[in-house]
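Residue 3 is where the sequence shown starts when you use the numbering used here, and the numbers rise one by one after that.
Input: a single structure, listed below in structure tokens.
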Amino acid sequence: MGDIQEKFSKKFSGYPKVYRSPARINIIGEHVDYLGGLVLPAAIQFSTDLAMLPNSSNRYRIYSVHYDSLVEVETLSKQSDQKWANYILGVIDELKKEGYIFGGFDLVVDGNIPQGSGLSSSASLEVGVCFAISDCFKLGIPREKIAVIGQRAENNFVGTKCGIMDQFIISVGKQDMCILLDTETLSYSYTQLDMEGYEFYLVNSHVKHSLETSAYNQRRAECESAFRKLQTHFKNAKNLYSINQNEINFLDFQFTAEEHKRLKHVFGEKDRTREIIKAFSEKRMVDAAGILSRTHDSLSQLFEVSCEEIDFLQSTLLSLGVLGARMIGGGFGGCILVLDSINNRNSIEENVKKKYYEKYKIETEFYSFTISDGVNSVNKI
Ligand code: GAF
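What follows is the structure, encoded as structure tokens:
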């Protein structure tokens with residue numbers, strides 16, 4: 003952490019406070035967090051590091067170490083042409099809209115979350131900035147609200163119509179714990195998985211296809227239009243996820259082919275979530291891993307948010323004997339989450355890397371991770 007203070011003092015003067023905001027994984031409940039669904043995410047130790055100091059002016063001076071880029075802003079009339087800065091400006095904008103009063107600040111942002119990896123570096127930045135502003139200016143914003151402000155920043159300023167999952171777990175995460183979050187009510191509970199004999203790890207495909215934001219927003223729009231059709235019959239349904247698929251006669255609603263597939267994913271994911279929670283509680287890890295692979299198939303074939311490289315990597319992992327694997331996050335590249343017996347990884351890692359490289363001339367990386375706390379300040383100066 004001394005490191006980010008040093009980087010701060012190269013750009014600005016004074017002694018900043020330092021914050022760490024984690025990345026996240028999600029075990030199950032993919033692409034249901036903007037439909038009122040249940041999700042099972044955890045914060046992990048990759049992080050965005052932030053050093054912030056109020057500067058007694060109305061100017062926001064923000065520096066990204068990764069992009070070696072400084073942005074100075076006084077009024078937030080429009081997006082910055084520096085894309086990374088919009089996640090920060092969006093948070094400032096949403097806080098102002100909510101009536102919070104705070105002055106200018108100097109901010110340095112650094113970190114080690116692999117960009118475009120599906121581990122939510124953007125939500126980590128939004129939540130980190132919101133937490134830092136709340137702390138530096140003594141605004142006392144509750145963690146759950148920080149999550150909502152972060153999501154709104156991304157929806158309204160950046161333009162990705164993401165759900166609440168990423169910002170929420172990054173705000174409220176606890177070491178060694180997942181949360182089971184109801185994205186309709188935002189009620190949640192902490193739960194610890196008994197992993198004895200098994201492990202999760204990540205495989206980074208190092209691909210990120212550029213249609214990510216537009217396709218994400220399109221998937222959400224397709225689910226919302228399917229829900230509007232269903233509402234003609236299910237008048238009191240509070241969201242798509244709450245509808246019982248056994249009560250739907252699909253022919254009655256004139257769904258488009260896309261809407262039909264998206265619905266099958268959402269209702270299937272609801273069943274798989276129920277099944278995996280039961281499997282974990284009964285320590286049936288092989289079954290749990292199989293459910294993850296079924297989620298992958300559904301995301302690939304029905305929700306259509308995977309890509310060729312990720313599908314190849316996932317099927318290669320399975321063919322080499324891992325118990326279960328699936329893409330995580332928004333899709334179109336990024337990481338695969340693997341659930342396997344411990345000690346299996348060493349025997350397959352080189353082989354997976356070799357096969358993937360032979361086919362795509364791209365290196366993969368394998369990451370171990372630990373489940374960490376949510377956003378926090380790191381030092382007290
Ligand atoms: C991205 C989004 F930001 C989340 O809100 C969620 O929808 C996820 O994709 C898919 O489950 O990470």
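Even for Gly, the Cβ is constructed at its ideal location relative to N, Cα and C.
Note that the structure is predicted; figures quoted are calculated from it, not measured.
Residue closest to residue i, alpha-carbon to alpha-carbon, out of the options
i, options, result
"residue 32", "270, 348, 350", "270"
"residue 30", "378, 290, 362, 374", "290"
"residue 268", "9, 36, 5", "36"
"residue 174", "157, 219, 189", "189"
"residue 96", "109, 151, 80, 145", "151"
"residue 11", "205, 260, 54, 355", "54"
"residue 124", "100, 167, 138", "167"
"residue 249", "309, 225, 232, 216", "232"
"residue 208", "120, 274, 180, 199", "120"
"residue 292", "284, 306, 362, 277", "277"
"residue 139", "288, 18, 364", "18"
"residue 200", "253, 287, 27", "287"
"residue 78", "94, 85, 347", "94"
"residue 311", "162, 355, 220, 117", "355"
"residue 253", "235, 87, 327, 321", "235"
"residue 117", "198, 161, 180, 212", "212"
Own chain, CB closer than 8 Å to residue i, minus 5 neighbours either side, in chain order
i, result
"residue 244", "38, 186"
Beta bridge counterpart(s) of residue i as assigned by DSSP
i, result
"residue 107", "56, 62"
"residue 29", "DSSP lists no partner for residue 29."
"residue 1", "Absent from the structure is residue 1, since the part of the chain shown begins at 3 and ends at 383."
"residue 206", "337, 367"
"residue 44", "27"
"residue 226", "Answer by DSSP bridge pairing: none, since residue 226 is not bridged."
"residue 200", "343"
"residue 161", "BP columns for residue 161 are empty, so no partner."
"residue 112", "51"
Cβ pair residue i, residue j closer than 8 Å
i, j, result
"residue 203", "residue 369", "yes"
"residue 115", "residue 132", "no"
"residue 21", "residue 324", "no"
"residue 143", "residue 45", "no"
"residue 1", "residue 105", "This structure cannot speak to residue 1, because the chain is shown only from 3 to 383."
"residue 333", "residue 301", "yes"
"residue 338", "residue 205", "yes"
"residue 155", "residue 101", "no"
"residue 336", "residue 210", "yes"
"residue 177", "residue 373", "yes"
"residue 264", "residue 298", "no"
Limits of the unbroken alpha helix (DSSP H) element including residue i
i, result
"residue 370", "That residue, residue 370, is in no alpha helix (DSSP H); it is neither H nor E in DSSP."
"residue 287", "287-303"
"residue 193", "From DSSP, residue 193 is part of no alpha helix (DSSP H) but of the beta strand (DSSP E) over 190-193."
"residue 184", "Element bounds for residue 184: not the alpha helix (DSSP H) but the beta strand (DSSP E), 180-184."
"residue 78", "Here residue 78 belongs to no alpha helix (DSSP H), and DSSP marks it neither H nor E."
"residue 149", "145-154"
"residue 166", "It is not in any alpha helix (DSSP H) - residue 166 carries neither H nor E in the DSSP assignment."
"residue 95", "85-99"
"residue 267", "259-283"
"residue 321", "310-321"
Unbroken beta strand (DSSP E) run spanning residue i, endpoints
i, result
"residue 137", "It is not in any beta strand (DSSP E) - residue 137 instead sits in the alpha helix (DSSP H) that spans 123-138."
"residue 329", "326-329"
"residue 72", "71-75"
Proximal residues to residue i (C-beta, below 6 Å), its chain only, five neighbours per side dropped
i, result
"residue 63", "74, 108"
"residue 130", "21, 23, 50, 52, 377"
"residue 90", "64, 131"
"residue 191", "182"
"residue 113", "49, 50, 51"
"residue 350", "322"
CB contact below 8 Å: residue i versus chain B
i, result
"residue 212", "In the structure shown, chain B cannot be found, because there is only a single protein chain."
Close beta carbons around residue i, own chain, < 7 Å, minus the five adjacent residues each side
i, result
"residue 357", "318"
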